[in-house]
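Chains A and Y are the protein sequences, given in the same order. Numbers 1 to 504, taken from my numbering, label the letters of the first sequence in order. Numbers 1 to 292, taken from my numbering, label the letters of the second sequence in order.
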Amino acid sequence: MRMETQLCFCGKLPWWRSIVTAALVLVFLVLSGSQRANALPAFARKYGLRCSACHESWPMLNYFGQKFKDNGYQMMNDRDAPIWQNPGYWPVTFRITPIWHRVSTGKVLIDTYPGTGSATPNGAAIQRITSSGFDLSGLDFHTGGTLEKNFSFYVLPSSDPTASFHFETAMARLDNIFHSPWLNLKLGKFELDNLLSEKRILTLTGNGGVYQVYHFIPVGDGNIFGQIGDNQLGLELMGHSVDDRTRYSASLLSSNDGNVNLIMGANSYTGFFTASQAFDAGKLGVERIGAYAMVGEAATYYPTSGSVPNVGAGIANKSFHREGFVGQFYFGPHVDLQVVSQHGWDNAWFGQGYGNPINTNGDGGANCPSPGPCLPNNIPGTTLPVGSQAPTWNGILFEPHYVFSPQLILIGRYETIRMSRQADGSAYTAVGANGITGPTPSSFGNISTYTVGFRYNPFMTSRAGFAWHNEYNWLHQDGTGPTLGLGTTNINTSELLMGFDFDF
Amino acid sequence: MRTSLLKWSLGLSAVAALAFPIIASAQLTKYDFETRMNMESHVGNITGHAKDGAADYHRYCESCHGVRGDGNGETAQWFDPPNFPKPRDFQLGIFKCRSTPTGTLPTDEDLFDTIARGLDRSGMPQWSTFTKQQRADLVAWVKHFSPRWVNEKPGTPIQIPPEPEVTPERVKAGKDVFARVQCWKCHGVTGEANGPSASTLQDDLGRAIAPYNFTEGSRPKCGETDQDIYRIFMTGLDGTPMPSFADNIKPDEAWDLVFYLRTFMAGQSKEKTIAQQLGLKPVDPNAPPPTQ
């Protein structure tokens, strides 16, 4: 009987089964058709390769994708110039992520009321605040590729969730100068040559969606310039071997943390340098180790006009540096581990809050911007409090991945940053920029954070990217929680996030 | 009763007669399948295994070459010959870039090198980012698509004699070879891929194909060294109109032709300087071909 059903459709099916069958076929056709109807990620569409060719898991690049990027978004197959593309080709990709998330902050200072209907608080309490709901990420308009063979570009107008736009990236690059992959020159605003790219991070939560070591600033420190995770304005010379096993880059950057209109120092620059070497490890894969260093100086004194600081005229430069190692270790086709370490050092002036021009007051308080924080200005004659010293810290992140298939990746991350020297040393007696009177506790501002999650791409074509994203992040910071009196308390925050991350 | 027995006997005989080839075929198919799935490649001291190459093929190659290796991946429809040749159909077991005589299978090294080198002027990028083991595994996986690898051995690589010194005489002799074997009919008298036959060329599957333009500065598909160029016209590019000239050109003459072809190519070269000093003119397509 069963064989008859399978082999012969000549029997009479009940009418409802025919309708159900037809409906299922229709649904299947619509669903399969809808996948193909998505619009096109720029590079996959241009070259006909799936996302997985260049991405370990979109958007994180794999080795081949890194080589493609290093070649100036070129396959080097003599068909990279736009002249070879259909004139209708437009290298644009949009990316946005609708999400649901639950954010929990362990300690928040809350006003308390006497219970008489009074609108005036009569006290304060510390409690956990948890909020959840549906939300939206910003929108990214990615456009990039080649203007001609060996002339590449990338422009990324990016908005926050309220559609307020800025230029996250805007650069042009001369590739393979003198036909040499060792000479590539980039000008504009761009992501620093970090092997572990934060712009291609696989996590999306508020604290887990960034690499903490790329942005760490000691509490109260005024140096906003040394954030290697922020796109920067400058010039980059980059080179690599033909197979990309060996890479280097050297960048000259304005010490303005990527902000436009020359609002920072009058004459302050930063250098960023990377070098790495990859090795063929047989069945394990290609292993890469590298190092980076950021060395720069930035203004601490913004001359005032009528007690209002002239941003862009900053002088009295002070120095800072960050350096560390990067490792990309593969253990076969499924498991890899990304490692980044960092040692940071800021001049003692930054440690006391000098540097950031945006919130700097002109005269020690009278023109304190609102909202604060109100940062000091290194006006002539200023001296550092006794006991001031250059803050230093050490950080490391480990990010293991389990790539079940190109369509499913499990992500984990552990990051920790430990202050090794506080700006307010043992002889310090004043109120520091971090709000603490006297020496700062040695662990103050330390960070530990865990992130776990997975991304599942239900389809994989050369046309669009879609990931069902799930993530949990937990962050702990020593001493920065609110208090109702003297002393410090630690603070924990966590976030659970689920969303559809897609580009088209 | 006897009639019934006879009917049963005839029926069973018929069933057996039909079933035997099916079962035999199934056995053969199973053997063939297992043989293919256990396909190996050997490159130096590295052994590639087909099964180990499947995941990388899925990740990197399948969108063009297809799940079945038939060159009909999801993006193949967008490749527009001759500017963008269609992806290779691995089931046919026919490859352009070989060190082996025309009509024979390439060596594992040939496929191994092709993966890393890529094919200029096509959608095939340089996959030099793979480890050697990954490439060897992919070679084995590519081989598993075609029954040719089960039934045939690769050809024996052609011998390439040591490269002689470039001399004006050799460059001039190369021009004679170029005229005699009528390279210009496709590649043009100045190597600009504008010969009288250029626009009519098709590959074995009837798709438009363009001859190599020596002057535009791109790399020849199967390698850019002098040895590679020598190998290309002595083995031919199977599946394309580019034949093997192994029977028409002696090894020494082949080097002359390499030197002459170098005079077309972009950038400065010793051959180009010699051609300029000699005042070498392009071959005259109307002149009778020089005799050997």
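Every residue gets a Cβ at the ideal spot worked out from N, C-alpha and C, and that includes glycine.
So which of Y/Thr75, Y/Pro87 and Y/Asp120 has the shortest CA-CA distance to Y/Phe214?
Counting from one through the second sequence, the residue named residue 214 of chain Y turns up at place 214. It is Y/Asp120.
Tell me whether A/Lys107 sits in a helix, a strand or coil according to DSSP, three-state version.
As a working note, residue 107 of chain A is residue 107 in the first sequence. In the structure shown, A/Lys107 sits in a strand (DSSP, three-state: E or B).
Are A/Asp175 and A/Gly72 touching if we call contact CB-CB under 8 Å?
The residue labelled residue 175 of chain A in the question sits at position 175 within the first sequence. The residue labelled residue 72 of chain A in the question sits at position 72 within the first sequence. A contact, by the Cβ cut-off of 8 Å.
Excluding the 5 residues flanking A/Asn356 on each side, which residues of the same chain have their C-beta closer than 7 Å to its C-beta?
Taking the first sequence and counting its residues from 1, one reaches residue 356 of chain A at position 356. Cβ within range, chain order: Gly222, Ile224 and Leu375.
On the three-state DSSP scale, how would you describe A/Trp393?
Position 393 of the first sequence holds residue 393 of chain A. Strand at A/Trp393.
What are the boundary residues of the beta strand (DSSP E) that includes A/Lys318?
Here the question's residue 318 of chain A lines up with position 318 in the first sequence. Segment Lys318 to Tyr330, the beta strand (DSSP E) holding A/Lys318.
Report back the beta-carbon spacing between Y/Val189 and Y/Ile229 to the nearest angstrom; my notes put them in contact at under 8 Å.
Looking up residue 189 of chain Y in the second sequence gives position 189. Looking up residue 229 of chain Y in the second sequence gives position 229. Going by Cβ atoms, the distance from Y/Val189 to Y/Ile229 rounds to 18 Å, so no, they are not a contact pair.
For A/Ala37 and A/Val210, I'd like the C-alpha separation in whole angstroms.
Numbered from 1 along the first sequence, position 37 holds the residue referred to as residue 37 of chain A. Numbered from 1 along the first sequence, position 210 holds the residue referred to as residue 210 of chain A. Annotation note: pLDDT 29 at A/Ala37 (below 50); position unreliable, no value reported.
Sort Y/Ile249, Y/Met265 and Y/Ser9 by Cα distance to Y/Ser218 and report the nearest one.
The count along the second sequence starts at 1 and reaches residue 218 of chain Y at position 218. Residue Y/Met265 is the option with its Cα nearest to Y/Ser218.
Return the first residue and the last residue of the alpha helix (DSSP H) that Y/Glu253 is part of.
Walking along the second sequence from the start, residue 253 of chain Y turns up at place 253. That run of the alpha helix (DSSP H) goes Pro251 to Arg262.
Would Y/Ala24 count as contacting chain A if we go by Cβ distances under 8 Å?
Translated into the one-based positions of the second sequence, residue 24 of chain Y becomes position 24. The pLDDT assigned to Y/Ala24 is 49, lower than 50, so where the model puts this residue is not dependable; a value taken from the coordinates is nonetheless given after this. Not closer than 8 Å to any Cβ of chain A, the Cβ of Y/Ala24 fails to qualify, so no.
Tell me the DSSP bridge mates of A/Gly314?
By one-based count along the first sequence, residue 314 of chain A stands at place 314. Per DSSP, A/Gly265.
On the criterion of 16 or more Cβ atoms from any shown chain inside 10 Å, does Y/Asp256 qualify as buried, or is it exposed?
By one-based count along the second sequence, residue 256 of chain Y stands at place 256. Classification of Y/Asp256: buried, given that the 10 Å Cβ count is 16 or more.
If you follow the beta strand (DSSP E) that Y/Glu343 is part of, which residue opens it and which one closes it?
Summary: the structure shown does not reach residue 343 of chain Y, with chain Y confined to residues 1 through 292, and so no result is reported for it.
Considering Cα atoms alone, identify which of A/Asn150, A/Leu109 and A/Asp70 is closest to A/Ile126.
As a first step, residue 126 of chain A is located in the first sequence; it is residue number 126 there, counting from the start. When only C-alpha atoms are compared, the closest one is A/Leu109.
In angstroms with no decimal places, state the Cα-to-Cα distance between Y/Thr225 and A/Tyr414.
Residue mapping note: residue 225 of chain Y aligns to position 225 of the second sequence, counting from 1. Residue mapping note: residue 414 of chain A aligns to position 414 of the first sequence, counting from 1. Roughly 49 Å between the two C-alpha positions.
Mind checking who A/Arg413 pairs with in its DSSP beta bridge?
Against the first sequence, residue 413 of chain A aligns to sequence position 413. Its beta-bridge partners are A/Thr451.
Find the nearest neighbour of A/His215 within the set A/Asn492, A/His321, A/Tyr402 and A/Tyr113, judged by alpha-carbon distance.
Numbered from 1 along the first sequence, position 215 holds the residue referred to as residue 215 of chain A. Nearest C-alpha to A/His215: A/His321.
Quick one: what's A/Glu471 bridged to in DSSP?
Within the first sequence, residue 471 of chain A is the residue found at index 471, counting from 1. Its beta-bridge partners are A/Gly453 and A/Leu497.
I need the straight-line Cα distance from A/Phe325 to A/Thr493, nearest angstrom please.
The residue labelled residue 325 of chain A in the question sits at position 325 within the first sequence. The residue labelled residue 493 of chain A in the question sits at position 493 within the first sequence. Computed Cα separation, rounded: 28 Å.
Does any residue of chain A have a CB that is nearer than 8 Å to the CB of Y/Glu112?
Along the second sequence, one-based indexing puts residue 112 of chain Y at 112. Checking the sequence shown, residue 112 of chain Y turns out to be Phe, not Glu. Not an interface residue.
Take A/Ala170 as the anchor and find which of A/Ala163, A/Asp140 and A/Thr162 has the nearest alpha-carbon.
Locating residue 170 of chain A in the first sequence gives position 170, counting from the first residue. Ranking the options by Cα distance to A/Ala170, first place goes to A/Asp140.
Give a single yes or no on whether A/Val339 has its beta carbon closer than 7 Å to a heavy atom of the ligand NAP.
Of the ligands one can find in the structure shown there are none, so the ligand NAP has no counterpart to examine.
If you follow the alpha helix (DSSP H) that Y/Asn151 is in, where does it begin and where does it stop?
Walking along the second sequence from the start, residue 151 of chain Y turns up at place 151. Start and end: Arg148 to Asn151.
Under a CB-based cut-off of 8 Å, is A/Asp70 close to chain Y?
The residue labelled residue 70 of chain A in the question sits at position 70 within the first sequence. Closer than 8 Å: no.
Can a CB atom of chain A be found closer than 8 Å to the CB of Y/Gly118?
Within the second sequence, the letter at position 118 stands for residue 118 of chain Y. By this cut-off, Y/Gly118 is an interface position.
With a 10 Å radius around its C-beta and 16 neighbouring C-beta atoms as the bar for buried, classify Y/Phe130 as buried or exposed.
As a position in the second sequence, residue 130 of chain Y is number 130, starting the count at 1. The residue in question, Y/Phe130, is buried, as its Cβ has 16 or more Cβ neighbours within 10 Å.
Give the interface partners of Y/Lys132 over in chain A, defined as CB-CB distance under 8 Å, in chain order.
One-based indexing of the second sequence puts residue 132 of chain Y at position 132. Those are Asp280 and Gly282, listed as they occur along chain A.
Which of the three DSSP states is assigned to Y/Tyr230 in this structure?
What you label residue 230 of chain Y is simply residue 230 of the second sequence in a count that begins at 1. If DSSP states are grouped into helix, strand and coil, Y/Tyr230 belongs with the helices.
Would you list the residues sitting across from A/Ser254 in a DSSP beta bridge?
Indexing the first sequence from 1 puts residue 254 of chain A at position 254. A/Ser254 pairs with A/Tyr269.
Secondary structure at Y/Lys86, three-state DSSP: helix, strand or coil?
Here residue 86 of chain Y refers to the residue found at position 86 of the second sequence. Coil, per DSSP.
Residues in the same chain with beta-carbon distance under 6 Å from A/Val295, minus the five sequence neighbours each way, listed in chain order, please.
On the first sequence, residue 295 of chain A is found 295 positions in, with the first residue counted as 1. Contacts found: Gly271 and His321.
Give me, in chain order, the residues of the same chain whose beta-carbon lies closer than 6 Å to that of Y/Ser63; leave out the 5 immediate sequence neighbours on both sides.
Translated into positions along the second sequence, residue 63 of chain Y becomes position 63. Cβ within range, chain order: Gly73, Glu74 and Thr75.
Anything in the stretch 54-81 of chain Y with a Cβ closer than 9 Å to a Cβ of chain A? List those residues in chain order, please.
For the stretch 54-81 of chain Y, which is checked against every Cβ of chain A, the residues closer than 9 Å are Ala55, Asp56, His58, Arg59, Tyr60, Cys61, Glu62, Ser63, Cys64, Gly73, Glu74, Thr75, Ala76, Trp78, Phe79 and Asp80.
Relative to the C-alpha of A/Asn194, which candidate in A/Ile228, A/Val213 and A/Leu202 has its C-alpha closest?
Taking the first sequence and counting its residues from 1, one reaches residue 194 of chain A at position 194. Of the listed residues, the one whose Cα sits closest to A/Asn194 is A/Ile228.
Once you ignore the five residues that flank A/Ser442 on each side, which residues in its own chain have a CB closer than 7 Å to its CB?
Residue numbering aside, residue 442 of chain A sits at position 442 when the first sequence is read from its first letter. Counting only Cβ-Cβ distances below 7 Å, and skipping sequence neighbours, we find Met419 and Gln422.
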